[in-house]
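Asker: My questions will all concern the structure given below.
Protein chains in written order, with full-length UniProt numbering: chain B, 1 to 270; chain R, 1 to 298.
Here is the structure:
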């Protein structure tokens, strides 16, 4: 038994070393400026640096819109699968797994091609205005569309795990026989039982949108992650400071969520 | 699950059942329409673009396989092979290193440690990207803390190389492996170990003849998943190395933004199609493995 413990601590120690050293070194990198000694200047500058507030706000707005859309699409569909249309279940399963087969970079290549149809072929039709609105740099709806697609696998898994734990048909039957209509049964009986799964799905989507770089960069928008990369050229310390902060904040939020909503396990590909 | 649902369905009256079905289908339709537009349209555009060329003189388009041929030649082929090699090496290492870590975490008595490690794994596995790249640049880059303190540059260390990328990729691949393998390790029943020991098996024999065969589908599935994840990764590499290591994702980005040559967009789409084919192959291997491993862990 003693040998087993030794082995376990060796593995955990090595892992801690590998995973904590880069974080610790990054903190050292941001506070220990050569020639100036220890200074917290990099962290103080974050808020006042050009583009940080707009980038972060844009990311948060995109995240809010993405969460709203993905839940509005997925929750009714997933509940319906449990209630009366099991035959559509494989269809939804495949639709939600498809984004895993198309890497983000390939997806954005396709989106770029579609967006180019606007000026090339549709410039005289009313659809053209739609294409312009999609790419409004203040609030690029096209990013919301892309992020909803990319979030589908995560949200599917989170909701599926939540729904597996409750008996939806019985809940709905009970609510209906107490006189509730369909929307009431859904909102007042089913959704409260899904609170953990909904929180989980929202949080995974939030983290996905905040960290997303590929699609936003290649379509030429500048939310948070793209801003970090753009600012790194001129202010290396600042970009590392923001990176470390964003990693730690995401981790702490997820940990808090695990405490609130039971065990979180966001298994999937990045 | 399906059986339980149809069972509940036959219990209710037929007209109500039909109405419920119609309502149910109605609830699924928006999702399907949305994915058809937001996902299907770009996917079709990619497929179409991968097989078209535009004559610069006349502006006429024609269907051809020239783009695909071009995407499998020269620098593009090098990049594709580079990506496959990087993904294979880092996925193999990630799977091998993730297994003992997951086992150490699963068998740990400290619940807080398990929660913290599993949550941290979730963060690192899915959302590393850009922050991760910068953490490593600050640590082991040319002006990184460890590079300067330990004089690593003189010893031939270079983060912006193949082995540097493997080191960084492991930072999100090992957590992904931990997440994938943990349910399987938790499913290993202690009775199996006891039964093996009662029959006189050593720990090594237990692992060789009982645990590993049960874990094998999950292990392989994990490797495949890691491969796909490393193969598709773009943000980390783009933020870190620019294009000093040939990778297919970087090539696509370059071709799309017209950095190298103008008019390579369709080759970029053909490269994207190559990637989708590889990723599709990955999923085709992964799904049966996952189903097989689920059999033991029910």
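C-beta: ideal position from N, C-alpha, C; glycine also.
(1) Could you check what DSSP says for residue 250 of chain B in three-state terms: helix, strand or coil?
(2) Thinking residue 280 of chain R and residue 177 of chain R are a contact (beta carbons under 8 Å), I'd like their distance in whole angstroms, please.
(3) So is residue 105 of chain B in contact with chain R if we call contact Cβ pairs under 8 Å?
(4) Buried or exposed for residue 195 of chain B, please, with buried defined as at least 16 other CB atoms from any protein chain shown within 10 angstroms of its CB.
(5) Look at the Cβ atom of residue 146 of chain R, then the Cβ atom of residue 139 of chain R, and state whether they are nearer than 8 Å.
(6) Under 8 Å between C-beta atoms, does residue 246 of chain R make it to chain B?
(7) Give me the subset of the stretch 185 to 204 of chain B whose CB atoms are less than 7 Å from a CB atom of chain R, sorted by chain position.
(8) Straight-line CA distance for residue 106 of chain B to residue 294 of chain R?
(9) With a Cβ-Cβ cutoff of 8 Å, do residue 245 of chain R and residue 275 of chain R count as a contact?
(10) Apart from the five residues just before and just after residue 34 of chain R, which ones in its own chain have a Cβ nearer than 8 Å to its Cβ?
(11) So, residue 90 of chain R versus residue 160 of chain R, is the Cβ gap smaller than 8 Å?
(12) Any contact of the stretch 62 to 75 of chain B with the stretch 204 to 219 of chain B, i.e. 3+ C-beta pairs under 8 Å?
(13) What residues in its chain sit with their C-beta under 6 Å from that of residue 101 of chain B, if we drop five residues either side in the sequence?
(14) Going by Cα to Cα distance, which pick from R:253, R:196, R:226, R:270 is closest to residue 96 of chain R?
(15) By the criterion of Cβ-Cβ separation under 9 Å, what are the contact partners of residue 30 of chain R in chain B?
(16) From the DSSP output, read off the bridge partner residues of residue 63 of chain R.
(17) Under 8 Å between the Cβ atoms of residue 42 of chain B and residue 237 of chain B?
(18) Could you tell me which chain R residues have their CB closer than 8 Å to the CB of residue 271 of chain B, listed as they occur along the chain?
(19) Inspect the beta-carbon positions of residue 246 of chain B and residue 135 of chain R and report whether they are closer than 8 Å.
(20) Report the option in R:239, R:238, R:219 whose CA atom is closest to the CA atom of residue 289 of chain R.
(21) Kindly list, in the order they appear in chain R, the residues whose Cβ is closer than 8 Å to that of residue 240 of chain B.
(22) Pull the bridge partners of residue 53 of chain B from the DSSP assignment, please.
(23) Give the DSSP-derived three-state secondary structure of residue 85 of chain B in the structure shown.
(24) First and last residue of the alpha helix (DSSP H) that includes residue 221 of chain R?
(25) From what residue to what residue does the alpha helix (DSSP H) around residue 233 of chain B run?
(26) Per DSSP, what kind of secondary structure is residue 187 of chain R in: helix, strand or coil?
(27) Would residue 145 of chain B and residue 197 of chain B be called neighbours here (beta carbons separated by less than 8 Å)?
(28) Using the Cα positions of residue 82 of chain B and residue 126 of chain R, report the straight-line distance between them to the nearest angstrom.
(29) Identify the contact partners of residue 130 of chain R in chain B, using a Cβ-Cβ distance below 8 Å as the criterion.
(30) Work out the CA separation of residue 84 of chain B and residue 19 of chain B for me, nearest whole Å.
(31) Does the beta carbon of residue 234 of chain B sit closer than 8 Å to a beta carbon anywhere in chain R?
(32) Would residue 96 of chain B be called buried (16 or more neighbouring beta carbons within 10 Å of its own) or exposed?
(33) Using the three-state DSSP reduction, which class does residue 108 of chain B fall into: helix, strand or coil?
(34) Checking contacts by CB at 8 Å: is residue 272 of chain R closer than that to chain B?
Answerer: The relevant details are as follows:
(1) Numbered from its first residue, the first chain carries residue 250 of chain B at position 250. Looking at residue 250 of chain B - three-state DSSP - the assignment turns out to be helix.
(2) Locating residue 280 of chain R in the second chain gives position 280, counting from the first residue. Locating residue 177 of chain R in the second chain gives position 177, counting from the first residue. About 22 Å; that fails the 8 Å criterion.
(3) Stepping through the first chain from its first residue, residue 105 of chain B is reached at position 105. Yes, contact with chain R.
(4) Taking the first chain and counting its residues from 1, the one referred to as residue 195 of chain B is at position 195. The residue is exposed, with fewer than 16 neighbouring Cβ atoms inside 10 Å.
(5) The residue given as residue 146 of chain R occupies position 146 in the second chain. The residue given as residue 139 of chain R occupies position 139 in the second chain. Yes, they are a contact pair.
(6) Numbered from its first residue, the second chain carries residue 246 of chain R at position 246. Taking 8 Å as the CB threshold, residue 246 of chain R stays off the interface with chain B.
(7) Of all residues in the stretch 185 to 204 of chain B, none has a Cβ within less than 7 Å of some Cβ in chain R.
(8) On the first chain, residue 106 of chain B is found 106 positions in, with the first residue counted as 1. On the second chain, residue 294 of chain R is found 294 positions in, with the first residue counted as 1. Whole-angstrom Cα-Cα distance: 31 Å.
(9) Your numbering for residue 245 of chain R matches position 245 in the second chain. Your numbering for residue 275 of chain R matches position 275 in the second chain. Contact: no.
(10) Translated into positions along the second chain, residue 34 of chain R becomes position 34. Answer for residue 34 of chain R: no residue qualifies.
(11) In the second chain, residue 90 of chain R corresponds to position 90, counting from 1. In the second chain, residue 160 of chain R corresponds to position 160, counting from 1. It is not a contact, given that the beta carbons lie outside the stated cut-off.
(12) At 8 Å Cβ cutoff, the stretches touch.
(13) The residue given as residue 101 of chain B occupies position 101 in the first chain. Taken in chain order, the list of residues that qualify is empty.
(14) Along the second chain, read from residue 1 onward, the residue named residue 96 of chain R stands at position 96. Among R:253, R:196, R:226, R:270, the Cα nearest to that of residue 96 of chain R is on R:226.
(15) Sequence index remark: in the second chain, residue 30 of chain R carries index 30 (1-based). Neighbours of residue 30 of chain R on chain B, chain order: 72, 73, 76, 77.
(16) Position 63 of the second chain, counting from 1, holds the residue named residue 63 of chain R. Partner(s): R:52.
(17) Counting from 1 along the first chain, the entry for residue 42 of chain B is found at position 42. Counting from 1 along the first chain, the entry for residue 237 of chain B is found at position 237. Yes, these two residues count as a Cβ contact at 8 Å.
(18) The first residue shown for chain B is 1 and the last is 270, placing residue 271 of chain B beyond what the model contains.
(19) The count along the first chain starts at 1 and reaches residue 246 of chain B at position 246. The count along the second chain starts at 1 and reaches residue 135 of chain R at position 135. No.
(20) Counting from 1 along the second chain, the entry for residue 289 of chain R is found at position 289. Out of R:239, R:238, R:219, R:219 has the C-alpha closest to the C-alpha of residue 289 of chain R.
(21) Here residue 240 of chain B is taken as the residue at index 240 of the first chain, counted from 1. Residues of chain R with a Cβ closer than 8 Å to the Cβ of residue 240 of chain B are, in chain order, 134, 135, 137, 138.
(22) Numbered from 1 along the first chain, position 53 holds the residue referred to as residue 53 of chain B. Answer is none; residue 53 of chain B lacks a bridge partner.
(23) Counting from one through the first chain, the residue named residue 85 of chain B turns up at place 85. Secondary structure at residue 85 of chain B: coil, using DSSP grouped into helix, strand and coil.
(24) Working through the second chain from its first residue, we reach residue 221 of chain R at position 221. Here the alpha helix (DSSP H) through residue 221 of chain R covers 212 to 232.
(25) For this step, residue 233 of chain B is matched to residue 233 along the first chain. For residue 233 of chain B, no alpha helix (DSSP H) run applies, since DSSP gives it neither H nor E.
(26) Position 187 of the second chain holds residue 187 of chain R. Residue state, collapsed to three classes: helix.
(27) Indexing the first chain from 1 puts residue 145 of chain B at position 145. Indexing the first chain from 1 puts residue 197 of chain B at position 197. The answer is no: Cβ separation not under 8 Å.
(28) Start at 1 with the first residue of the first chain, and residue 82 of chain B comes out as number 82. Start at 1 with the first residue of the second chain, and residue 126 of chain R comes out as number 126. For residue 82 of chain B and residue 126 of chain R, the distance between alpha carbons rounds to 28 Å.
(29) For this step, residue 130 of chain R is matched to residue 130 along the second chain. By Cβ distance, chain B contributes 211, 213, 225, 228, 229, 243.
(30) Here residue 19 of chain B refers to the residue found at position 19 of the first chain. Here residue 84 of chain B refers to the residue found at position 84 of the first chain. If I take the Cα positions, the gap works out to 47 Å.
(31) Within the first chain, numbered from 1, the residue matching residue 234 of chain B stands at position 234. Not a single C-beta of chain R is nearer than 8 Å to the C-beta of residue 234 of chain B.
(32) Indexing the first chain from 1 puts residue 96 of chain B at position 96. Buried.
(33) The residue given as residue 108 of chain B occupies position 108 in the first chain. Correct three-state label for residue 108 of chain B: helix.
(34) On the second chain, position 272 is the one that residue 272 of chain R refers to. Residue 272 of chain R counts as touching chain B.
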